[in-house]
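Chemist: Got a structure for you, written out below as structure tokens; questions coming shortly.
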Amino acid sequence: MNNNIIVTTISVADARGNIARIIDHTLLRADATLDDLEKLCREAREYSFAAVCVNPGNVAYCVEHLAGSGIPVATVVGFPLGANTISTKEIETEFAVDDGALEIDMVLNIGMLKSGNDNYVREDIQAVVEAARSHLVKVIIETALLTETEKIRACELAKLSGANFVKTSTGFSKAGATAEDVALMRRIVGDDLGVKASGGIRSFEEAIKMVEAGANRIGTSSGVQIVRRAEEKLKQ
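Going by the working numbering, the first residue of the sequence shown is number 1, and it counts up by one from there.
Put into structure tokens, the structure is as follows:
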């Protein structure tokens, strides 16, 4: 793992009290406009989200709009299918880091994983980890497409390859995060890696279920609604 990265852990009680601190405020729609991105960054500042997560072409814009906030910009690599060549993912990561991205959410090569080509998958992840220049790397394993055995292998390979997080989903496949998958991923990576639950998480209650299962980062485009619901519950 990138040794200079500290993966923040969070208790369920802490999450209930400040869920924003583990939310990646996400906007990956193909039709996202500059106005949409400006709003995303403004909301990230207002609610102090853990990061904003945007497509690579929007990294520089968000870095500029978040300057001085301390909120990092995350971006996606090999997104959403994971089937890009290793060299493409490596170059994509280098460009993203040059533009100011501090976190990389990469999709592993799902077809190679399912084919049993673990050496390729490991090389794929390692190339991104090295290109990220010690910045945080999250490996999206797309749980909806994997058997339990494949999910376990994906987590083990991410761990062996120096990644910092495993992540459930892109949010662009046939299903998103489940508490059961999060619990499995946490069991496999232990305390060495973070677990990011992403895909279909739209409510505070769903987010807390993911934290209870072992997630310490939540990826969602519903961050504002989740935080507002958390604030309402605290007042009750």
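Just so you know, even glycine gets a beta-carbon here, dropped at the ideal spot from N, CA and C.
Note that the structure is predicted; figures quoted are calculated from it, not measured.
(1) Any idea if Val121 is buried or exposed, counting beta-carbon neighbours within 10 angstroms, 16 or more meaning buried?
(2) With DSSP collapsed to three states, give me the class of Arg228.
(3) Alpha carbon to alpha carbon, how far is Leu160 from Ser221? Give it in angstroms, no decimals.
(4) Look at the alpha carbon of Lys186 and the alpha carbon of Asn216, and state the distance between them as a whole number of angstroms.
(5) If you draw a straight line from the alpha carbon of Pro80 to that of Val211, how long is it in whole angstroms?
(6) Ends of the beta strand (DSSP E) at Ile71?
(7) What three-state label does DSSP hand Arg217 in the structure shown?
(8) Rounded to the nearest angstrom, how far is the Cβ of Ser144 from that of Ser169, given a contact under 8 Å?
(9) From the DSSP output, read off the bridge partner residues of Gly194.
(10) On a Cα-Cα basis, can you pick out the residue from Asp35, Pro72, Arg16, Val63 that is closest to Ser48?
(11) Is DSSP giving Gly17 helix, strand or coil here?
(12) According to the neighbour-count rule (16 or more other Cβ atoms, all chains shown, within 10 Å of its Cβ), is Glu90 buried or exposed?
(13) Using DSSP with H/G/I as helix, E/B as strand and the rest coil, what is Leu108?
(14) Within this structure, are the beta carbons of Leu40 and Val54 separated by less than 9 Å?
(15) Would you decide whether Asn119 is buried or exposed? Buried here means 16 or more other CB atoms lie within 10 Å of its CB.
(16) Which residues mark the beginning and the end of the beta strand (DSSP E) in which Asp24 is found?
(17) Just how far apart, CA to CA, sit Asn3 and Thr75?
(18) In whole angstroms, give me the CA-to-CA distance for Leu66 and Leu113.
(19) Tell me, please, which residues DSSP counts as bridged to Glu103.
(20) Spatial neighbours of Gln230 within its chain, please: CB distance less than 6 Å, with the 5 preceding and 5 following residues excluded, ordered by chain position.
Modeler: Walking through what the data contain:
(1) Buried, by the Cβ-count rule.
(2) helix
(3) 30 Å
(4) According to the sequence shown, residue 186 is Arg rather than Lys. Spanning the two alpha carbons is a distance of roughly 10 Å.
(5) 24 Å
(6) Counting along the chain, Ile71 falls outside any beta strand (DSSP E), and DSSP gives it neither H nor E.
(7) The three-state reading of DSSP puts Arg217 in strand, counting E and B together.
(8) Looking at the sequence itself, residue 144 is Ala, so the reference to Ser does not match. Indeed they touch by this definition, with Cβ atoms about 6 Å apart.
(9) Phe165
(10) Per the C-alpha coordinates, the member of Asp35, Pro72, Arg16, Val63 positioned closest to Ser48 is Pro72.
(11) helix
(12) buried
(13) When secondary structure is reduced to three states using DSSP, Leu108 falls in the coil class, being assigned neither helix nor strand.
(14) yes
(15) The C-beta of Asn119 has fewer than 16 other C-beta atoms within 10 Å across all chains shown, which makes the residue exposed.
(16) 23 to 27
(17) With a pLDDT of 47 at Asn3, under the threshold of 50, the modelled position of this residue cannot be trusted, and the question is left open.
(18) Approximately 36 Å between the Cα atoms of the pair.
(19) Partner(s): Ala74, Leu136.
(20) Going by the sequence as given, residue 230 is Ala instead of Gln. Excluding positions up to five away in sequence, the list reads Ile19, Phe204.
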